[in-house]
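Novice: Got a structure for you, written out below as structure tokens; questions coming shortly.
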Amino acid sequence: MPKKELSAQEFIDGIVSGNRMLLSRAITLIESTKQEHLDLAQEIIEGCLPHSGNSIRIGIPGVPGVGKSTFIEAFGNYIIDEQDRSLAVLAVDPSSSKTRGSILGDKTRMETLSHHPKAYIRPTPTSGSLGGVARSTRETITLCEAAGFDTILIETVGVGQSETAVHSMVDFFLLLMLAGAGDELQGIKRGIMEMADSIVINKADSGNEDAAKRAMAEYKNALHLFPPTDSGWIPKVTTCSAFHNKGIPDVWEIVDEFVRHTKTKGYFEQQRKEQANYWLNESINQELHHAFYGDPKLKSRLESYRKQVQEGEISSYKAARDLMKEFLGS
């Protein structure tokens, strides 16, 4: 039996009342490539905007093998059971369209959390480009907040600029690392460490505590070399064993302290405004990109200019200027 076509208002009413099925269907519309789906999705998002914004958004990047799924399972259950919050877990993984995989596709890795009535886990969208995945994830945050989730976790893999994209849509950036600090400091990009509000060293299990403590000291020293943050927050380093459920309350305490600190200073709201402005600019760039490359009149002209640039007959700058003049009709 085909699904009944619903109006934007029916979707909005359902999402705001906490209907998980309609939330999932609306997110599928966001991730669609069909224009009529995207148009309906935008109506739904507009209607949900007044009900959004009341969450803590936490980004969780980490090196391969760091145990992100185990950490999110332990951390998520603690947030729900001990802090009496509701949780949505999302993902940014632009590689999933190539590998046909998903970092959240196998929900069995989060067995307890995936069945918790106060948790919602959304597998990675497979829309391909980072820009598309990031846009759909940001819009999904709006819908999840409107549905009443007051904590959003966004998992990311170390592919290209995915960490930067996630950083621009979260309040708190929690970098998950492993012990073995010397090697790890070389393997993680300085830019990602500079974005971190906290570094959490996972797998600080029996037999590995000393290595974890050494790693913690090295990361603390490394963070001291970075310039002060705009918020005045000093990034914290801690250890945990998600597998043994040790140190998880300490991680939440850091997040809670950060939120209190930045809200008192006015930075929390200011950062959200700056992020909204960033995504406005990104959206304009994406719309211009689609309009330019989708213009049928320019397609043959573009190929002609490409050949001229490749043959050295015209500079790439002049070719771009000429094409833009044609595009803008001037």
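Just so we're aligned, residue 1467 is where the sequence shown starts under the numbering used here, counting upward by one.
Ideal Cβ positions, reconstructed from N, Cα and C, are used throughout, including at glycine.
Model, not experiment: these values are computed from the prediction.
1. Scan the region 1679 to 1723 and note each continuous beta strand (DSSP E) run of 3 residues or more that stays entirely inside, going in chain order.
2. For Gly-1513, report the span of its alpha helix (DSSP H) as first-last.
3. For Val-1555, which three-state DSSP category applies?
4. Is the beta carbon of Leu-1794 less than 9 angstroms from the beta carbon of Leu-1768?
5. Sorted by chain position, which residues of the same chain lie with C-beta nearer than 6 angstroms to Glu-1476's C-beta, five sequence neighbours on each side aside?
6. In the DSSP assignment, find the unbroken alpha helix (DSSP H) run with Leu-1495 in it and report its ends.
7. Can you give me the C-alpha to C-alpha distance between Glu-1777 and Arg-1601, rounded to a whole angstrom?
8. Less than 9 angstroms between CB atoms is the rule here; does Leu-1641 satisfy it with respect to chain C?
9. Which class does Ala-1742 belong to by DSSP, given the choice of helix, strand or coil?
10. Alpha carbon to alpha carbon, how far is Ser-1749 from Ala-1645?
11. For Thr-1617, count neighbouring C-beta atoms within 10 Å of its own C-beta (all shown protein chains included) and say buried if the count is 16 or more, exposed if not.
12. Contact defined as beta carbons within less than 8 angstroms: I believe Ile-1607 pairs with Met-1635. What is the distance between those atoms, to the nearest angstrom?
13. In angstroms, rounded to a whole number, what distance separates the CA positions of Pro-1414 and Asn-1668?
14. Quick one: give me the first and last residue of the beta strand (DSSP E) that Glu-1660 is part of.
15. Which of helix, strand or coil does DSSP assign to Gly-1795?
16. Under a three-way DSSP split, which group does Arg-1601 fall into?
Specialist: Judging by the given coordinates:
1. As for any beta strand (DSSP E) of minimum length 3 sitting wholly inside the region 1679 to 1723, the runs are 1702 to 1705, ordered along the chain.
2. On the sequence shown, position 47 is the one that residue 1513 refers to. 1501 to 1514 is the extent of the alpha helix (DSSP H) around Gly-1513.
3. In the sequence shown, the residue the question calls residue 1555 occupies position 89. DSSP places Val-1555 in strand when its eight states are reduced to three.
4. Start at 1 with the first residue of the sequence shown, and residue 1794 comes out as number 328. Start at 1 with the first residue of the sequence shown, and residue 1768 comes out as number 302. Result no, Cβ atoms of Leu-1794 and Leu-1768 do not sit closer than 9 angstroms.
5. Numbered from 1 along the sequence shown, position 10 holds the residue referred to as residue 1476. There are no such residues.
6. In the sequence shown, counting from the first residue as 1, residue 1495 sits at position 29. Start and end: 1486 to 1497.
7. By one-based count along the sequence shown, residue 1777 stands at place 311. By one-based count along the sequence shown, residue 1601 stands at place 135. Straight-line Cα distance between these residues: approximately 37 angstroms.
8. Given the protein chain composition of this structure (a single chain), no chain C is represented.
9. Locating residue 1742 in the sequence shown gives position 276, where the first residue counts as 1. In the structure shown, Ala-1742 sits in a helix (DSSP, three-state: H, G or I).
10. The sequence position of residue 1749 within the sequence shown is 283, counting from 1. The sequence position of residue 1645 within the sequence shown is 179, counting from 1. Rounded to whole angstroms, Ser-1749 and Ala-1645 show a C-alpha spacing of 39 angstroms.
11. Start at 1 with the first residue of the sequence shown, and residue 1617 comes out as number 151. When all chains shown are included, Thr-1617 counts as buried.
12. Counting from 1 along the sequence shown, the entry for residue 1607 is found at position 141. Counting from 1 along the sequence shown, the entry for residue 1635 is found at position 169. Yes, Ile-1607 and Met-1635 are in contact; Cβ-Cβ is about 7 angstroms, under 8 angstroms.
13. In this structure the chain extends from 1467 to 1796, so residue 1414 is not present and cannot be described.
14. Taking the sequence shown and counting its residues from 1, one reaches residue 1660 at position 194. No beta strand (DSSP E) contains Glu-1660, which is instead part of the alpha helix (DSSP H) from 1656 to 1661.
15. Locating residue 1795 in the sequence shown gives position 329, counting from the first residue. It is coil, neither helix nor strand.
16. Residue numbering aside, residue 1601 sits at position 135 when the sequence shown is read from its first letter. For Arg-1601, the three-state secondary structure derived from DSSP is helix.
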